[in-house]
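Have a look at the structure below before the remarks.
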Amino acid sequence: MKRRLLLLGLAAVLATVLGAGFAASRSQEEPTHAPDPDADEVYVAGPDGEALKCDGELVKVKRSALGGRTPPLTPAQAAQRSLLLQPRVQVARCEKGAKGKETGGVVFVDEGAADRP
Amino acid sequence: MRKRSVRAALALLPVLAALAGTSGARAHSLISAGNVYDNGNQCVYNWTAQAHSYNSMLVRSLTDTPPYYFPRANCTYTNAKPAGYLAGRWESWKWGPNVGAWLVCGTQGWNYGGGYELQVGRSTTGCGGGYYLLQGGAFVYNGGWLGGWLTTDYEWLWS
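The listed protein sequences derive, respectively, from chains H and B.
Residue numbers 1199 to 1315, in the working numbering, belong to the letters of the first sequence in order.
Residue numbers 1121 to 1279, in the working numbering, belong to the letters of the second sequence in order.
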């Protein structure tokens, strides 16, 4: 009986710990507003999922660098360039110059290649 | 002793099930859909959906006028277009609490297609746990690109 109570107690403690962990992970600040569709520049997420910092500074990218708000090609151009196939997902990473030093700029790379050295 | 271990494991099951249920409840899709352009002859329908680890959007070219011109009904009939006349793109956004702003987590370039419907979808690894939303742009070419963007609600995702 004593042991059963002990086991139940342990289960309760475990549940409390797991529940607290879950609640803590969800207690991040909720969004306060929607993305501004007219913003000229936006923040991008880095490899750690936080706002990308390049050369130690938070960076923003031009909206147009993401592909623009309207399609850039006419149908004829799209057909000519064989762009009817789906392109890959792209993510932002810091641009690196000579000797691998960050330049402070941002480049967009294919998602699969983003974390390769 | 073994019996007790089994009982202990059974005692834990409801707790684990509750936790799984809580996170599972978040594994649904958020959908934003509607006509983003309507001039009577040409309508552009946008369907943008954010699932747990899959982002997708759909462009549909519609019209009021059926093949035999009767009966007319608002944005009801399909309006097929040549190859390259439909275009769609999505952007996945994650809330950045550190900067108090939305961050672009990833985007798929513009996709072009023909016919009356174009589907654009990709699984995504995401940018870690956080609040996410999806924006999808749907356009049809008719002397110029006609259409617009829709934004889903945001929700917490683990990936």
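No residue lacks a Cβ here, since even glycine has one placed at the ideal position from N, Cα and C.
Evaluate residue 1219 (chain B) with the Cβ neighbour count: other Cβ atoms within 10 Å of its Cβ, from every protein chain shown; 16 or more gives buried, anything less gives exposed. exposed
Applying a beta-carbon distance threshold of less than 7 Å, which residues of chain H neighbour residue 1209 (chain B)? 1265
For residue 1143 (chain B), which three-state DSSP category applies? Because the pLDDT of residue 1143 (chain B) is 43, which lies under 50, any placement of that residue in the model is unreliable, and the number read from its coordinates should be weighed accordingly. DSSP places residue 1143 (chain B) in helix when its eight states are reduced to three.
May I have the straight-line CA-CA distance separating residue 1264 (chain H) from residue 1182 (chain B), to the nearest angstrom? 28 Å
Taking three-plus beta-carbon pairs below 8 Å as touching, is the region 1242-1251 of chain B in contact with the region 1290-1301 of chain H? no
For the alpha helix (DSSP H) that residue 1273 (chain H) lies in, which residues bound it at each end? 1273-1278
Within this structure, are the beta carbons of residue 1207 (chain B) and residue 1236 (chain B) separated by less than 9 Å? no
May I ask you to report which of helix, strand or coil DSSP gives residue 1192 (chain B)? coil
Applying a beta-carbon distance threshold of less than 9 Å, which residues of chain H neighbour residue 1248 (chain B)? 1243, 1246, 1247, 1248
Give the residues of chain H in contact with residue 1218 (chain B), contact being defined as C-beta atoms less than 8 Å apart. 1248, 1249
Using DSSP with H/G/I as helix, E/B as strand and the rest coil, what is residue 1267 (chain H)? coil
Run through the region 1181-1255 of chain B for me and flag every whole beta strand (DSSP E) of 3 or more residues, listed as ranges in chain order. 1201-1216, 1221-1228, 1231-1235, 1237-1243
Residue 1269 (chain B) vs residue 1256 (chain B) beta-carbon contact at 9 Å: yes
Please decide whether residue 1289 (chain H) counts as near chain B, where near means a Cβ-Cβ distance under 9 Å. yes
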